[in-house]
Amino acid sequence: MQQLIIIFLIIIASIFVALYALLHKEIRNINNQLNTINKSKTNSKVLISSSNKEIKNLTLEINKTLEEKLKTDAKHKKMDLEIRQAIANISHDLRTPLTSIIGYIQLMEDNSLSENEKNQYINIIKKRAKSLQVLISSFYDLSRLEEKEYKFELQSVNLHDIMCDLIALSYNDFLSKKIEPNIDIDEQISLIIADENAVRRILSNLIQNMIKYSNKFIFISLKNNKNHIVMTFTNDAPNLSEDDVSHLFQRFFTADRTRSGKSTGLGLAITKELVEQMGYEIFAELSKDKLSIIIKWNLKQTP
């Protein structure tokens, strides 16, 4: 009887030793795979053929962690690329007016210049300095918006009056481009709750954006719908692609890949942030070579 007990204990001990050895082998296999994955920085996962439930669960959690790490790494790479691109864009946009200002200052050092020529150069320098001031202000405003530090003073706002006012103020700009805008504005437009200065900036940005890029066609509408007010800004855009439209509201994006100075790519990014942070909706559509930027002002937020 005693011999049977000893044999039984030996068998049990052997089973435990075998299980421990197998478990140790599987853990070592997982460890080796993890070392390989970390060194090679691949998208591989840990693979096992174990029937052990705990080992399977451990492997599952490890693979989940690896997936999260890959996502985090990809996000950091994207952010790093965006930061580098932003720095390059800011440098370019600041350098352009600064180079112009420095150039005209150097020209003014010429003692043979007449007073009339000096005054012309001074006026140009003032304009370049003003554009530089506006640019720096735009960088600052976008930064405040993205950090949710922009303060809105909400009140009742009359979209009809603001729209008509800004269209009238843009009359000379339309004339300079030899464009007669098509305008369709309802007379009775409900009031909304918004920041009036922000609304003026939004509409001004969109009107000036149309004037800047349109060659022959501009359409502006302001219509009352059942649950919201719809504002549409449409201009011809034969060179714009669907991919361009999908990036239209990204900061520093401009369809002018050379960044020739026509646009900094900040206006629409600021416009989108202003609209959405006041609780409204803005989006862009491309149809038959015409770009439409649409804002929906939800009437649930009206006074």
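Residue numbers (UniProt numbering): 1 to 303.
From the three backbone atoms N, C-alpha and C, an ideal C-beta is built for every residue, glycine too.
| Asked | Found |
| --- | --- |
| Nearest to residue 245 (by Cα), restricted to the options 74, 292, 39 and 120 | 292 |
| Contacting residues, own chain, Cβ-Cβ under 7 Å from residue 118 (five flanking each side not counted) | 108 |
| Presumed contact (8 Å Cβ cut-off) between residue 29 and residue 48, rounded CB distance | 7 Å |
| DSSP state of residue 249 mapped onto helix, strand, coil | coil |
| Cut-off 7 Å between Cβ atoms - residues of its own chain near residue 206, not counting five sequence neighbours on either side | 233, 271 and 293 |
| Residue 231 - containing beta strand (DSSP E), residue span | 228-236 |
| Selection from 129, 116 and 180 that minimises the alpha carbon distance to residue 97 | 129 |
| Check whether residue 162 and residue 200 have beta carbons under 7 Å apart | yes |
| Residue from 131, 196, 140 and 92 with nearest C-alpha to residue 153 | 196 |
| Residue 287 versus residue 236 - alpha carbon distance | 10 Å |
| Rounded C-alpha distance that separates residue 3 from residue 67 | 54 Å |
| Assigned secondary structure, residue 161 (DSSP; H/G/I helix, E/B strand, else coil) | helix |
| Sheet register partners of residue 223 (DSSP bridge) | 230 |
| Bounding residues of the beta strand (DSSP E) (the contiguous stretch that carries residue 90) | Counting along the chain, residue 90 falls outside any beta strand (DSSP E), though it belongs to the alpha helix (DSSP H) covering 53-108. |
| With 16 other Cβ atoms within 10 Å as the buried cut-off, status of residue 228 | buried |
| Unbroken stretches of the beta strand (DSSP E), 3 residues or longer, contained in the region 136-160 | 154-157 |
| Inter-residue Cα distance where the pair is residue 239 and residue 183 | 24 Å |
| Buried/exposed call for residue 43, threshold 16 Cβ in 10 Å | exposed |
| Residue 307 - containing beta strand (DSSP E), residue span | Coverage of the chain is limited to positions 1 through 303, which leaves residue 307 absent and any answer about it impossible. |
| For residue 118: DSSP bridge partner residues | In DSSP, residue 118 forms no bridge with anything. |
| Within 7 Å, strictly: CB atoms of residue 125 and residue 104 | yes |
| Beta bridge counterpart(s) of residue 129 as assigned by DSSP | Its beta-bridge partners do not exist; DSSP assigns none. |
| Which residues DSSP lists as bridging residue 194, in chain order | 155 |
| Residue 260 (DSSP reduced to helix, strand or coil) | For residue 260, the predicted model reports a pLDDT of 45, less than 50, meaning its position is unreliable; a value from the coordinates is still stated below. Coil. |
| Simplified DSSP state of residue 174, which is helix, strand or coil | helix |
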